[in-house]
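Colleague: First, the structure itself, so that you have it in front of you.
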Amino acid sequence: LLRGLYRGGQVRLLVACPSQACFFVTHDAVIVGLTGIMGFSDLAVLELVASLIATLPSNGIRIPAESLKQKLQAGVTDSALTAAKQIVKDDGVVGVGEGCCRAGGGGVCCLVHTADGCGEDTSDG
Numbered sequence: 004l005l006r007g008l009y010r011g012g013q014v015r016l017l018v019a020c021p022s023q024a025c026f027f028v029t030h031d032a033v034i035v036g037l038t039g040i041m042g043f044s045d046l047a048v049l050e051l052v053a054s055l056i057a058t059l060p061s062n063g064i065r066i067p068a069e070s071l072k073q074k075l076q077a078g079v080t081d082s083a084l085t086a087a088k089q090i091v092k093d094d095g096v097v098g099v100g101e102g103c104c105r106a107g108g109g110g111v112c113c114l115v116h117t118a119d120g121c122g123e124d125t126s127d128g
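Note that our numbering has the sequence shown beginning at 4, numbered continuously upward.
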C-alpha cells in the first residue's frame with residue numbers, strides 16, 4: 004500500500020539521516036573553526052558561511068538519491084537499483100549527480116558537470 008502511495012519513499016528515508024547528519028556535522032565544524040581559529044564574531048555572517056559550506060557535502064549525498072527517486076516516481080523503473088544501473092549505463096557515473104541542475108542544487112554542482120552551468124553540455128568541443 005505505501006509503495007503505491009509514494010514511490011521512491013524508501014530511497015528518501017534511507018538518505019535523509021546521512022545527508023542531514025553530514026550537513027550538521029560540517030556546519031558545526033565550520034562554526035567552531037571560524038569562531039575559534041579566525042575569531043569571527045558576526046553571527047549572521049558566521050551562520051551564512053557555515054550553512055553554505057555545509058550544504059555542499061550534504062548535497063553530495065542527497066542529489067544522487069533524488070535522481071534515483073525521480074526515476075522511481077516517474078515510473079521509469081521499479082527499483083532504485085535498476086534506476087542506478089540505467090543512469091550509469093546511459094550517462095555514466097556522473098549522470099547520477101546531474102539531477103542537481105534540475106533540482107535546484109546550485110551552480111557549483113552544475114559547473115562540474117556541464118559547460119554552460121546547467122542542463123545539457125552546449126560546448127562545441
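The beta-carbon is built from N, C-alpha and C at its ideal position, and this holds for glycine as well.
1) What does a CB cutoff of less than 8 angstroms around Gly78 pick up in its chain, not counting 5 residues either side in sequence?
2) Just how far apart, CA to CA, sit Ser82 and Glu50?
3) Are the Cβ atoms of Leu75 and Val14 separated by less than 8 angstroms?
4) Going along the chain, which residues of its own chain have a beta-carbon closer than 7 angstroms to the beta-carbon of Lys72, five neighbours each way excluded?
5) For Val18 and Arg65, which I take to be in contact (beta-carbon distance under 8 angstroms), what is that distance rounded to the nearest angstrom?
6) How about Thr58 and Phe26: do their beta carbons lie closer than 8 angstroms?
7) Is it the case that the Cβ atoms of Ile90 and Ser70 are separated by a distance below 8 angstroms?
Modeller: Based on what the coordinates show:
1) Arg10
2) 38 angstroms
3) yes
4) Gly11, Val14 and Arg15
5) Contact between Val18 and Arg65 holds, since their C-beta atoms are separated by about 6 angstroms, short of 8 angstroms.
6) yes
7) Ser70 is positioned such that its CB atom lies closer than 8 angstroms to that of Ile90.
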